[in-house]
Amino acid sequence: MTTLPCFVGDADPLLERVPGTDLHPYGTLWVLTQGETRKTKRVRLFTDHVSRRLAAYAPLLAGMSVSGD
Numbered sequence: 006m007t008t009l010p011c012f013v014g015d016a017d018p019l020l021e022r023v024p025g026t027d028l029h030p031y032g033t034l035w036v037l038t039q040g041e042t043r044k045t046k047r048v049r050l051f052t053d054h055v056s057r058r059l060a061a062y063a064p065l066l067a068g069m070s071v072s073g074d
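Going letter by letter, the sequence shown gives residues 6 to 74 in my numbering.
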């Protein structure tokens, strides 16, 4: 038995969650940039893209079942 991120463990049909265990969120995700680069168009586009993609996967990353359970 081990702890895996939900999006890893839930993607494998051979793995099952241990009944009665709680999920433990680990905090926020940070994207670090160097100095003034965060203001450049390409870096803003990248961080916006990553933010949208992560938001789309929020339920999965939060540990909600892939099947909707």
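Glycine included, each C-beta is placed from N, C-alpha and C at the ideal position. Remember, it's a predicted structure, so these values are computed and weren't measured experimentally.
Same chain, Cβ closer than 8 Å to residue i, neighbours up to 5 away in sequence not counted
i	result
Met6	Val23
Asp74	Residue confidence is low: Asp74 scores 48 on pLDDT, short of 50, so the model does not pin down where it sits. Its coordinate-derived value is still stated next. Within the same chain, Asp74 has no close Cβ partners at all.
Leu59	Leu34 and Leu66
Arg49	Arg43
Enclosing alpha helix (DSSP H) for residue i [first to last residue]
i	result
Lys44	Looking at the DSSP string, Lys44 is not in any alpha helix (DSSP H), and its letter there is neither H nor E.
Val13	Cys11 to Gly14
Ala67	It is not in any alpha helix (DSSP H) - Ala67 carries neither H nor E in the DSSP assignment.
Contacting residues, own chain, Cβ-Cβ under 6 Å from residue i (five flanking each side not counted)
i	result
Cys11	Gly68
Minimum C-alpha distance to residue i - residue among the options
i	options	result
Thr52	Tyr62, Ala61 and Thr38	Thr38
Val55	Thr8, Thr26, Thr45 and Leu34	Leu34
Arg64	Leu19, Glu21, Leu28 and Pro18	Before going further, note that residue 64 is Pro rather than Arg in the sequence given. Considering only alpha carbons, the answer is Leu28.
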